[in-house]
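As numbered in our numbering, residues 1 to 88 make up the sequence shown, in order. See structure below.
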Amino acid sequence: MASADSLPPARPDKEQLKQAFKAFKKRLKLTRLDAESQISGSPLTSGRDSGIVAIQPPSGFPQAVWDELVKQGRLKPAGHGTYELGEA
1 MASADSLPPA RPDKEQLKQA FKAFKKRLKL TRLDAESQIS GSPLTSGRDS GIVAIQPPSG
61 FPQAVWDELV KQGRLKPAGH GTYELGEA
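Rendered as structure tokens:
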């Protein structure tokens, strides 16, 4: 008889994946906006893109969710625990 620790983690459901992806996109957007607001000291200069393409995913979701989103092509691992938006 296998213990609960040795069972493979359950696949995340569709709703959890949707919520996690939405949270990821929101955090990426806010991170970019925050960086862009600090790039120049003068409010009269033209804004520049932040250049941020990868972030650490929100911590409210298990690693299995992020792994599944990578498998689906919605996210790409960018190294050091960060992810960027995928092509799909």
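Here a beta-carbon is modelled for each residue, glycine too, at the ideal position from N, C-alpha and C. Here the structure is a predicted model, which is why all the values come from computation and not from measurement.
Mind checking if residue i is an interface residue toward chain D, Cβ cutoff 8 Å exclusive?
| i | result |
| --- | --- |
| Val53 | Protein chain content of the structure displayed is limited to a single chain, and chain D is not contained in it. |
Quick check on residue i: does DSSP put it in helix, strand or coil?
| i | result |
| --- | --- |
| Pro77 | strand |
| Glu68 | helix |
| Ala10 | coil |
| Glu84 | strand |
| Gly60 | coil |
| Asp49 | coil |
| Lys18 | helix |
Using only CA atoms, which one of the options lies nearest to residue i?
| i | options | result |
| --- | --- | --- |
| Val65 | Glu36, Leu33, Glu87 and Tyr83 | Tyr83 |
| Gln56 | Ser37, Gln38 and His80 | His80 |
| Arg32 | Asp49, Leu17, Phe24 and Gln16 | Asp49 |
Quick one: measure Cβ to Cβ for residue i and residue j, integer angstroms, because I've assumed they're closer than 8 Å.
| i | j | result |
| --- | --- | --- |
| Gly86 | Arg74 | 5 Å |
| Leu17 | Glu68 | 6 Å |
| Phe24 | Pro58 | 6 Å |
| Val70 | Pro77 | 6 Å |
Using the DSSP secondary-structure output, state which residues sit across from residue i in a beta bridge.
| i | result |
| --- | --- |
| Ala54 | Glu84 |
Compute the minimum distance between the beta carbon of residue i and the heavy atoms of the ligand FAD, and state whether it is under 7 Å.
| i | result |
| --- | --- |
| Leu33 | You won't find the ligand FAD in this model; it holds no ligand whatsoever. |
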